[in-house]
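So the structure is just underneath, and the comments pick up after that.
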Amino acid sequence: MSPLDALRPLGPVLNPAMIDGTYAALTEHRLRLPGDARALWDLSYGDNPRQGLNLFLPPKGTPDRVMVYVHGGGFVAGDKGKPGSPFYANTGAFALAQGWAGAAMTYRLVPEARWPSGAEDVARAVDWLAAGAGGALNAPQILLVGQSAGAVHVADYLAGRAGAVSPQLKGAVLMSGRYDFTHEDRMGYESAYQGDNPAPQSTLSALVDVQLPLMFTVSDLDPPQFQQQAAFLVTAMMARHGRWPRLHWLAGHNHVSPALFLGADGDRLGPLIADFAGAAWGTPLP
1 MSPLDALRPL
11 GPVLNPAMID
21 GTYAALTEHR
31 LRLPGDARAL
41 WDLSYGDNPR
51 QGLNLFLPPK
61 GTPDRVMVYV
71 HGGGFVAGDK
81 GKPGSPFYAN
91 TGAFALAQGW
101 AGAAMTYRLV
111 PEARWPSGAE
121 DVARAVDWLA
131 AGAGGALNAP
141 QILLVGQSAG
151 AVHVADYLAG
161 RAGAVSPQLK
171 GAVLMSGRYD
181 FTHEDRMGYE
191 SAYQGDNPAP
201 QSTLSALVDV
211 QLPLMFTVSD
221 LDPPQFQQQA
231 AFLVTAMMAR
241 HGRWPRLHWL
251 AGHNHVSPAL
261 FLGADGDRLG
271 PLIADFAGAA
281 WGTPLP
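Residue numbers (UniProt numbering): 1 to 286.
Next up, the structure:
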């Protein structure tokens with residue numbers, strides 16, 4: 001029996017009961033950091049207390065590749081994790097297992113944050129890592145992985161809402177994100193960050209023309225609004241380029257579970273990210 005079997009009864013919803021139930025089901029099954037990993041907690045990439053990240057390094061050496069995880073939380077919640085917490089050190093453990101460094105970042109939240117502060121924070125974190133993270137990294141190539149609100153921030157960054165994208169960014173994975181705000185399918189939490197007219201903030205037309213490799217995911221048990229966003233993405237890519245985006249449907253997963261289960265026994269997302277990153281970095285899997 002897979003730990004994911006406990007998720008389906010929670011339903012295709014996004015609410016506290018689903019979130020709490022998912023964490024309860026997956027915490028003991030998470031991938032753990034190896035004992036010899038170097039974990040650098042609460043590093044600052046900016047002046048705001050929320051502009052911080054955790055960096056996970058192999059026991060020796062100065063890595064030249066880093067995967068950066070950008071959490072979700074509806075623009076009002078979420079964190080990068082702390083020592084002893086189950087998440088999101090698992091994303092760093094996954095990166096280390098691939099031979100990369102890993103980072104889990106956080107960003108400013110509502111009520112302090114207003115669009116496009118998320119993209120600005122992503123840009124600042126990427127630039128800080130690209131510059132070597134205080135000597136911990138060696139001019140790294142960077143892969144961004146954003147989930148939900150984190151995917152919105154990554155999409156805004158890719159769309160140029162915080163200036164030019166770093167040349168060291170080699171690809172991005174956007175998980176259960178929302179990219180087209182021209183439709184009335186709001187979920188009730190967006191206005192505090194995006195305002196009452198978010199249509200001009202849509203990133204869909206920009207994303208389909210981004211030259212960097214992109215990978216998208218949508219979950220089996222994502223709420224309908226996120227399922228619809230995946231459909232908008234496919235439609236836009238077909239209209240512009242006559243082909244599908246690199247889009248994966250994650251069987252058995254709900255809105256929050258893919259990142260929590262990353263790298264654990266039975267995880268199918270991890271191999272997809274590893275294959276995608278290898279191609280983006282020019283070293284595909286054998």
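We put the CB at the ideal spot given by N, CA and C, even for glycine.
The structure displayed is predicted, hence computed values, not measured ones.
The Cβ atoms of Thr-91 and Leu-137 do not sit closer than 8 Å to each other.
In the DSSP assignment, the residues bridged to Gly-102 are Phe-56, Met-67. In this structure the segment 29-48 lies against the segment 79-87, because at least three pairs of beta carbons, one per stretch, are closer than 8 Å.
Within the segment 212-247, the complete alpha helix (DSSP H) runs of at least 4 residues fall at 224-241. The shortest C-alpha to C-alpha distance from Gln-168 to any of Leu-212, Leu-269, Leu-250 is the one to Leu-212. By the C-beta density criterion, Lys-170 is buried, having at least 16 other C-beta atoms within 10 angstroms.
In this structure, Thr-106 lies near His-71, with their beta-carbon atoms less than 8 Å apart. Closest in C-alpha terms to Leu-7, from the list Ile-142, Trp-244, Ala-251, comes Ala-251. Between the C-alpha atoms of Val-76 and Glu-190 there is a straight-line separation of about 9 Å. DSSP places Gln-194 inside the alpha helix (DSSP H), whose first and last residues are 191-194. Non-local beta-carbon contacts of Ala-119 in its own chain, meaning distances under 6 Å to residues more than five positions away in sequence, involve His-153, Asp-156, Tyr-157, Arg-161, Ala-162 in chain order. The C-alpha of Gly-99 lies about 9 Å from the C-alpha of Leu-57. In the DSSP assignment, Ile-273 forms no beta bridge with any residue. With a minimum length of 4 residues, the unbroken runs of alpha helix (DSSP H) contained wholly in the segment 9-47 fall at 16-26. Arg-50 carries a coil assignment under DSSP once its states are collapsed to helix, strand and coil.
Trp-249 is bridged by DSSP to Val-218. Rounded to the nearest whole angstrom, the C-alpha separation of Leu-26 and Gln-51 is 27 Å.
Taking every protein chain shown into account, the CB of Trp-249 has fewer than 16 other CB atoms within 10 angstroms, so this residue is exposed. With 16 or more other Cβ atoms from the protein chains shown falling within 10 Å of its own Cβ, Gly-146 counts as buried.
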